[in-house]
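For reference, the structure is listed below as structure tokens.
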Amino acid sequence: MLAADPGTSIASIAAEAGVDRRTVYRRFASREDLLAAIYEARLGAVERAIEDARLREAPVAVALHRYVENIITVNRTWPVDLARMLSDDSVHARRDAAIEEVDAFLDRATDEGLLRPGLPQGWASALLPQLMHLVSRQLSELSAGQAADVVVDTFLNGLGTS
Numbered sequence: 037m038l039a040a041d042p043g044t045s046i047a048s049i050a051a052e053a054g055v056d057r058r059t060v061y062r063r064f065a066s067r068e069d070l071l072a073a074i075y076e077a078r079l080g081a082v083e084r085a086i087e088d089a090r091l092r093e094a095p096v097a098v099a100l101h102r103y104v105e106n107i108i109t110v111n112r113t114w115p116v117d118l119a120r121m122l123s124d125d126s127v128h129a130r131r132d133a134a135i136e137e138v139d140a141f142l143d144r145a146t147d148e149g150l151l152r153p154g155l156p157q158g159w160a161s162a163l164l165p166q167l168m169h170l171v172s173r174q175l176s177e178l179s180a181g182q183a184a185d186v187v188v189d190t191f192l193n194g195l196g197t198s
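If you read the sequence shown in my numbering, its first letter stands for residue 37, the second for the next number, and so on.
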């Protein structure tokens, strides 16, 4: 609900969850506290997805697929954007650390020949999350593994025939 409408009321959220809004307020003092908990859960899931992909140790192709599959699962489980929480310094620092980890991996993928060199600076880093976001939303009928296959193939091979 919050992904579709960040302004959704606590009463609507409680009704969707099948509980009284007082139950929600017992757990979360305010709507902002509820949002913070959701963002914390998403950010933690992203961090675990990166750790599980073993971006520094696993073979590049294996790590890429595992990372993409994990992030698609996170996107589908927690379909909220962290941008609203970036004013919080700790959230911003954690997100930046995650981005740095993935960027280092993409550099490794280039060094090992999986990605072609000479692309504009940051292009792969900008493209990959967009592909994962798109497949998470538009190909919901695919399992996370199947969706990762589509993303990885598109990311590595593009749409052209050459």
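Where a beta carbon is used, it is the ideal one built from N, C-alpha and C, also for glycine.
| Item | Value |
| --- | --- |
| Smallest Cα separation from Arg84: which of Ile107, Leu70, Asp147 and Trp159? | Ile107 |
| So, for Leu150: in the same chain, excluding its five sequence neighbours on each side, which residues have a beta-carbon less than 6 angstroms away from its beta-carbon? | Val96 |
| I believe Arg57 touches Ile46 by the beta-carbon criterion, under 8 angstroms. Please report the beta-carbon distance rounded to the nearest angstrom. | 5 angstroms |
| Cβ of Phe141 versus every heavy atom of the ligand FAD: is any distance shorter than 7 angstroms? | As far as ligands go, the structure on display features none, and thus does not contain the ligand FAD. |
| Of all the alpha helix (DSSP H) runs that stay within the bounds of the segment 127–194, which reach a length of 4 or more residues? | 159–174 and 180–193 |
| In this structure, how does DSSP classify Ser48 when only helix, strand and coil are distinguished? | helix |
| Between the Cα of Pro115 and the Cα atoms of Ala50, Gly54 and Gln174, which residue gives the shortest distance? | Gln174 |
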